Each structure stands twice: as structure tokens, then as C-alpha cells.
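K.L.:
Here it is, the structure in full.
Protein chains: 2
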Amino acid sequence: MSEYTLHCFAESGNAYKVALMLELTSQDWQPVFVDFFHGQTRDSQWRETLNEQGEVPVLEHAGQRLTQSALILDYLAERTGQYGPGDEDERREIWRWMLFDNHKFTSYYAMLRFLLCLKQTGETEVTGFLRERAKAAYRVVDAHLANTPFMVGRRLTIADLSLAGYVFMPEDTGIVLSEFSHIEAWKQRLRALPGWKHPYDLMPRTAS
Amino acid sequence: MSEYTLHCFAESGNAYKVALMLELTSQDWQPVFVDFFHGQTRDSQWRETLNEQGEVPVLEHAGQRLTQSALILDYLAERTGQYGPGDEDERREIWRWMLFDNHKFTSYYAMLRFLLCLKQTGETEVTGFLRERAKAAYRVVDAHLANTPFMVGRRLTIADLSLAGYVFMPEDTGIVLSEFSHIEAWKQRLRALPGWKHPYDLMPRTAS
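Protein chains in written order, with the UniProt record's numbering: chain D, 1 to 208; chain R, 1 to 208.
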């Protein structure tokens with residue numbers, strides 16, 4: 001039995017944020033596959049026993065059950081002593097970007113990808129709307145990364161790992177990534193980290 | 001000059017979260033009106049001098065400039081000693097709900113209200129989509145409030161103030177509020193707090 005158990009599936013960028021943190025910090029962890037696409041996170045058993053919010057990821061550690069990727073990243077940074085803030089100002093900057101990520105950067109992109117690429121709705125008013133919102137969030141992050149190699153403190157922190165949730169997903173959402181050159185350069189820096197793995201190589205995939 | 005300066009406008013529920021916290025804890029604060037509907041938060045001056053994320057609220061205090069409502073609430077809870085966590089478990093529970101709020105509860109509802117009621121797009125595929133997402137988030141919070149008077153620790157915390165951002169907004173989004181009876185009862189408990197004020201009575205409104 002590993003020290004950390006992560007309830008996850010490879011298509012979930014929110015789970016990837018945590019899986020990548022566990023991997024980069026060389027923790028003893030194991031993934032447990034969640035059958036999201038057949039409704040596992042939405043049934044009453046999941047809500048009652050694992051997460052009333054009906055979401056992945058859930059991390060089990062030392063008798064605790066943790067949810068919300070940003071909060072799990074904060075927990076792991078504290079436990080491992082890696083990729084956390086160096087002082088109070090950095091702590092606020094990290095949270096500021098993790099909140100922006102949850103509200104806009106990850107959330108619009110993930111929903112666009114889910115509808116267009118996984119649920120395969122085709123192009124609709126909704127996918128068009130989500131793409132514009134995702135691009136607006138991408139512009140904010142791209143402008144920030146024009147002046148710094150990583151989001152906070154010029155080194156890798158959990159703010160980067162939060163924003164990185166979906167940026168390596170291979171599906172084509174119709175966003176022209178070359179328009180966000182600073183994000184693309186930052187992705188190269190992340191990919192070059194020792195121990196970096198793609199989400200589809202780090203967690204179990206849903207059988208199609 | 002007040003101790004706290006809040007850049008805000010009455011139609012912003014994200015600003016209301018902070019304004020209500022300042023009011024309930026009897027801080028010396030003043031609002032500064034932001035002309036969001038004429039693009040003030042999106043122009044380059046705003047981004048360069050106040051918030052590169054292009055958002056309201058911004059709180060100025062003691063030479064610091066704070067953004068992201070959840071982070072500001074956390075800051076104010078610590079400074080005032082009110083409505084914060086009593087221990088580490090409560091701290092995580094509060095953040096867990098503030099993250100859910102940013103990702104889903106506030107965000108889908110606020111966008112639906114903005115498009116349908118303020119921008120007046122009429123009913124579209126997008127408003128229909130947002131309404132279903134908002135209702136799913138409302139169901140999660142309603143189920144939680146079936147067993148507790150407030151979100152965490154059976155007393156008012158900043159988790160409640162975060163989730164309360166848009167729930168008092170008067171515009172009709174087409175969501176049948178009576179379907180969420182536990183949320184409605186919780187709103188009554190909030191309204192009954194000494195010093196509670198409606199967002200439109202607490203911050204300057206945009207001239208129409």
C-alpha cells in the first residue's frame with residue numbers, strides 16, 4: 001500500500017495537477033482509476049463516501065481525505081517542503097494564481113475540451129463562448145509569463161502546477177496555441193523538469 | 001481616508017463578498033466605484049496599476065494591494081480575528097468551499113446573470129448551458145446545507161460569505177430558487193445577521 005492514494009483518471013487535468021506534484025516530488029503514490037465517463041463521481045455512493053462535491057481528484061493520505069486540487073497542492077507543498085511559498089507575499093501570489101486558475105484558466109478550457117473533444121458536441125454557441133473565455137484567461141497568463149520564467153518567484157511553484165492541468169492535453173480545442181508564445185515557452189520549461197510526465201502516461205486512461 | 005479602500009461596484013457579487021465582510025466586522029472602509037460596464041477593469045491602465053488579472057475586487061490596505069475575493073476574505077479573517085477557521089481541519093473545509101465557489105457556484109451563476117440580466121442577450125444555448133451548470137452547483141451546496149446552518153463549523157465563516165456573493169442579487173435568472181430550500185433558509189440566516197446589507201445598499205451602482 002502506497003503512502004498516497006489518488007482517485008483519478010488520465011483525462012482529468014485537475015487530477016493531473018496533483019499526480020504531477022506527487023511525481024515531481026518523488027512521493028510513494030498510487031492512482032486508483034475513477035470511471036468518470038460512466039458517472040462514478042456523480043452517483044450517491046461517491047458523494048457519500050469520497051466527495052460530496054462530486055469531483056475528482058480525491059487524495060487519501062494518513063487517514064485523511066482531501067479534495068480540491070489547489071488545496072491538495074498546498075497540502076503537499078507543506079508536507080514535502082517543495083514548490084511552496086518562501087514567504088507570506090509569495091503565499092498570496094501563489095493562491096492568487098491558483099484561484100484565477102480555478103475560476104477561469106483551467107475551468108473554461110477544461111469545459112471547452114470536454115464538450116468539443118470528449119463529448120464531441122461539434123461546434124456550438126456554447127463551445128464558441130467557452131473558447132473566447134478561455135482565450136481571455138490565456139491572454140492574462142501569457143502577459144504575466146512575458147516577464148518571468150514561472151508564475152511566482154521565478155522558480156517552479158504549485159501555482160505553475162495548478163495552471164498546467166490541461167495545457168498538455170493533446171486534443172484540438174480550436175485555440176491557436178502559437179498566439180500564446182510565453183505560455184508555450186513555459187510549457188517547454190515544465191516539460192524539461194526531471195521526472196515530468198504527460199498526463200496520459202501518469203494516470204490510468206478510460207477504455208474507449 | 002479610511003483604513004480599507006475597496007475598488008468595487010454594486011453589481012459585482014465578487015466585490016460584495018469583501019464589502020459584506022468589511023461591514024459585518026465593522027471595519028473603517030470606503031468603496032471606490034469601478035466603471036466595469038465601460039471596460040475600466042479591462043483597459044491597460046487598470047491592469048498595470050491595480051490588477052493584471054483584469055478583475056474586481058481590489059482591496060487596498062496598509063500599502064498592500066490585494067485581489068481575488070477568497071484570498072481577501074482569508075486576509076480579513078486573519079486580521080480581524082472573525083469568521084476564520086478554528087483549527088486546521090476547518091481551514092481546509094473553508095478553502096474547499098471557497099474553491100468550489102470560485103470554480104462553480106459563483107462562476108456559472110454570475111456569468112448567467114451577466115449575460116441574461118445585465119447584457120440582456122435573451123435566452124440562448126449559452127444561457128441554457130450556464131443555468132444547468134449553476135443548478136448542479138446549487139444542488140451540491142443545498143445538499144450540504146441540509147445538515148448544517150452554515151457551511152463550516154455550524155457558525156458563520158468566510159466560506160458562507162464567499163458563496164453569498166450573488167445569492168441576493170435581485171435579477172431573475174430563470175432558476176427556481178424554491179427548489180433549493182436549504183439555500184433559501186441559509187440566506188434568511190445571513191439576512192438576519194446584525195449589520196447585514198444588500199449589495200445594492202453597500203456599494204455604488206452603475207448609472208444606467
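Glycine included, every Cβ here is placed at the ideal spot set by N, Cα and C.
A quick note: this is a predicted structure, and the numbers were derived from the prediction, not measured.
#1: What number of angstroms, rounded off, separates the C-alpha of R/Gln120 from the C-alpha of R/Arg113?
#2: Would R/Val34 count as contacting chain D if we go by Cβ distances under 8 Å?
#3: R/Gln68 touches chain D at which residues, Cβ-Cβ below 8 Å?
#4: Taking Cβ positions only, does D/Glu52 come closer than 8 Å to chain R?
#5: Can you find a CB in chain R that lies within less than 8 Å of the CB of D/Ala185?
#6: With DSSP as the reference, please indicate the residues paired to D/Tyr108 in a beta bridge.
#7: Helix, strand or coil for D/His198 per DSSP?
#8: Any chance you could list the alpha helix (DSSP H) runs of at least 4 consecutive residues sitting entirely within the UniProt domain "GST C-terminal" (87 to 208) of chain R, in chain order?
#9: Are the CB atoms of R/Ala70 and R/Met98 within a distance shorter than 8 Å?
#10: Count the other CB atoms within 10 Å of the CB of D/Gly122; is the residue buried (16 or more) or exposed (fewer)?
#11: How about R/Phe36 and R/Val56: are their beta carbons less than 8 Å apart?
#12: Anything in chain D within Cβ reach of R/Thr206, meaning under 8 Å, just list it in chain order.
#13: Do R/Ile175 and R/Ala136 come within 8 Å of each other at the CB atom, strictly closer than that value?
#14: Kindly identify the DSSP beta-bridge partner or partners of D/Glu60.
#15: Could you give the residue range of the alpha helix (DSSP H) that holds R/Gln45?
#16: When DSSP labels each residue in this structure, what does R/Gln40 get in the three-state scheme?
#17: So what does D/Pro31 bridge to, in DSSP terms?
#18: Return no unless some Cβ of chain R is closer than 8 Å to the Cβ of D/His103.
#19: Touch check for the stretch 25 to 45 of chain R and the stretch 185 to 198 of chain D: three-plus C-beta pairs under 8 Å?
#20: Would you please verify whether the beta carbon of R/Phe180 is less than 8 Å from any beta carbon of chain D?
#21: Nearest-angstrom Cα distance between D/Tyr166 and D/Asn51?
#22: Given that residue 258 of chain D touches chain R, what residues does it touch there, using C-beta distances under 8 Å?
#23: Comparing the C-beta of R/Arg92 with each C-beta of chain D, is any distance below 8 Å?
#24: Nearest to D/Pro170 by CA position, among D/Val141, D/Ile72, D/Cys117 and D/Phe9, is which residue?
#25: Within 10 Å of its beta-carbon, does D/Arg191 have 16 or more other beta-carbons around it, so buried, or fewer, so exposed?
#26: Could you give the first and the last residue of the continuous alpha helix (DSSP H) run that contains R/Glu23?
#27: Please report how far the alpha carbon of D/Glu93 lies from the alpha carbon of D/Asp87, in whole angstroms.
#28: From this set, D/Lys187, D/His182, D/Glu3 and D/Glu179, which residue's C-alpha is nearest D/Thr80's C-alpha?
#29: For D/Thr186 and R/Arg91, I'd like the C-alpha separation in whole angstroms.
#30: Please report whether the beta-carbon of D/Ala146 lies at a distance below 8 Å from any beta-carbon of chain R.
#31: Would you tell me roughly how many angstroms separate the C-alpha atoms of D/Leu130 and R/Leu130, rounded to the nearest one?
#32: Along chain D, in chain order, which residues have C-beta atoms closer than 9 Å to that of R/Ala143?
#33: Note down the Cα distance separating R/Ser178 from D/Gln68, rounded to an integer number of angstroms.
#34: Consult DSSP for R/Tyr83 and reduce its assignment to one of helix, strand or coil.
#35: Kindly indicate which three-state DSSP category D/Glu78 falls into: helix, strand or coil?
P.N.:
Quick look at the numbers:
#1: 9 Å
#2: no
#3: Trp95, Arg96, Leu99 and Phe100
#4: yes
#5: no
#6: In the DSSP output, where bridge partners are listed per residue, D/Tyr108 has none listed.
#7: coil
#8: 88 to 100, 106 to 113, 125 to 145, 158 to 163, 181 to 191 and 199 to 202
#9: yes
#10: exposed
#11: yes
#12: Under the 8 Å cutoff, chain D gives no residues; its nearest Cβ is about 21 Å from R/Thr206.
#13: no
#14: D/Thr5 and D/Arg65
#15: Ser44 to Thr49
#16: helix
#17: D/Leu6
#18: yes
#19: no
#20: no
#21: 22 Å
#22: Since the displayed chain D opens at 1 and closes at 208, residue 258 of chain D lies outside it and no answer follows.
#23: yes
#24: D/Cys117
#25: exposed
#26: Gly13 to Leu24
#27: 10 Å
#28: D/Glu3
#29: The sequence given here places Trp at residue 186 of chain D; Thr does not occur at that position. One C-alpha to the other measures close to 32 Å.
#30: no
#31: 11 Å
#32: Arg47 and Glu52
#33: 29 Å
#34: coil
#35: helix
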